[in-house]
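Since the structure comes first, as structure tokens, the remarks are kept for the end.
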Amino acid sequence: MSANLLVRRLHYWATAFVALPMLVVIVTGVLLQVKKQVPWVQPPERRGSATEPTLGFEALLTAVRSQPGLEATAWEDVRRVDARPSRGMAKVVLDSGHEVQVDLATGAVLQTAMRRSDLIESLHDGSFFGGDVGRFGVFLPTALVLLGMWCTGLWMFALPFVVRRRRAARAARVASGG
């Protein structure tokens, strides 16, 4: 079997292997690229009333507890707190996927919304599909196969140029009598 045929077959069958994982990576990558522009992915940041935070952690939790329907009663329900002093607010991200933005000066809730960017990111890196099993068992091999496809694709792209150049050089030698 010639090298060219082998490269084409490898490229062809690798496509079948990486098609679904790459579709997930591409779609989630596009969503992550526009997360600040699409409120469905990530809620827009609101501004608080001051840039000097005066609110403590307990006051943040109290503000979150005041929101009906969130069922956030303790710190165990909080995934993370992201303070933005320059914007005068803190984002409290709950395990349920909700984000509560709280004014760091007054404790007022600025906004409560669903935050999908974390879920989309876990889909993008493969951790959604069984943690390290998804990341290293599916998405890492997909990336390696895709790297191989990139190499074989470059080979298939460059080969016609190389062949034409060799033919032209051969024709020039024949024409010159060499």
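Each number in the numbering used here comes from the position in the sequence shown (counting from 1) with 6 added on. Beta carbons: idealized from backbone N, C-alpha and C, even for Gly.
Straight through space, the alpha carbons of D83 and D101 are spaced by roughly 6 Å. By DSSP's assignment, M120 forms a beta bridge with H104. When C-alpha distances from A96 are compared across A149, V115, V30 and K42, the shortest belongs to V115. Annotated as proximal: G94 and T57, with beta-carbon spacing under 9 Å. Around the beta-carbon of A69, 16 or more other beta-carbon atoms lie within 10 Å, marking it buried.
In the DSSP assignment, V84 falls within the unbroken beta strand (DSSP E) covering V84 to R90. Out of R179, A175, W156 and R176, the CA that lies nearest to the CA of R14 is found in W156. Assignment of beta-bridge partners to K97 by DSSP yields D88 and Q107.
When Cβ pairs closer than 8 Å are counted between the two stretches, the stretch 157-176 is seen not to touch the stretch 119-139, the count staying below three. The way I'd put it, the stretch 141-157 does touch the stretch 8-22; three or more beta-carbon pairs between them come closer than 8 Å.
About 6 Å separates the Cβ atoms of S55 and D109, confirming a contact at the 8 Å cut-off. Where F142 is concerned, there is no enclosing alpha helix (DSSP H), because DSSP gives it neither an H nor an E. In this structure, DSSP gives V70 a helical state, which the three-state scheme calls helix.
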